[in-house]
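Structure first, commentary second.
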Amino acid sequence: MDWLIGHLVGDYLLQNDWMAYNKKQKTWRGELACNLHCLIWTLCVLAFTGWWDWPHALLVYGTHYLLDRTGLVNWYVQTINTGKPLPWLSIVTDNVLHLLVLYLVDKYV
C-alpha cells in the first residue's frame, strides 16, 4: 500500500501542469519536464516505501520514465481498443501500468 500512496502523491499532488503538458514533447523542455517529474515521483515512492537503494531507485525511475516519455501507453491503448478511444482510457492505462510495475518491484526485487 505504501507504493500506492507514493505513486498518488508523486503523480497527482506534485506533478504540476507544466510537467504534465511538456513531458512528452520531443524538445529539451520535454526532456527536462519528464526527468524532473520522474525524479520527484521516484523520491515520493522511495520515501513512502523505504526503498533507499540503487536497484529500486533505478528500476522505479527508469520504468516511470519509459511509460511517461515514450508512446508505449498510447500504443497499448490503440492496440487493445477496437472502437473510438475513450478520453480517460490512456490515463487509466498509464496508472495501471505504473502500479503494476510498483507491485512487481515490491514483490520480486
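Residue numbers (the working numbering): 2 to 110.
Glycine residues also receive a C-beta, built at the ideal position from the N, C-alpha and C atoms.
Under a 10 Å Cβ-count criterion, V110 is classified as exposed, with fewer than 16 other Cβ atoms of the shown protein chains found around its own Cβ.
Measuring C-alpha to C-alpha distances from L37 to each of A48, W52 and D12 identifies D12 as the nearest. Under the three-state reduction of DSSP, N23 is assigned to helix.
Out of L68, K108, L15 and V106, the CA that lies nearest to the CA of V93 is found in L68. The residues T43, L47 and W52, in chain order, have a CB closer than 8 Å to that of A58 in the same chain once the five nearest residues on each side in sequence are set aside.
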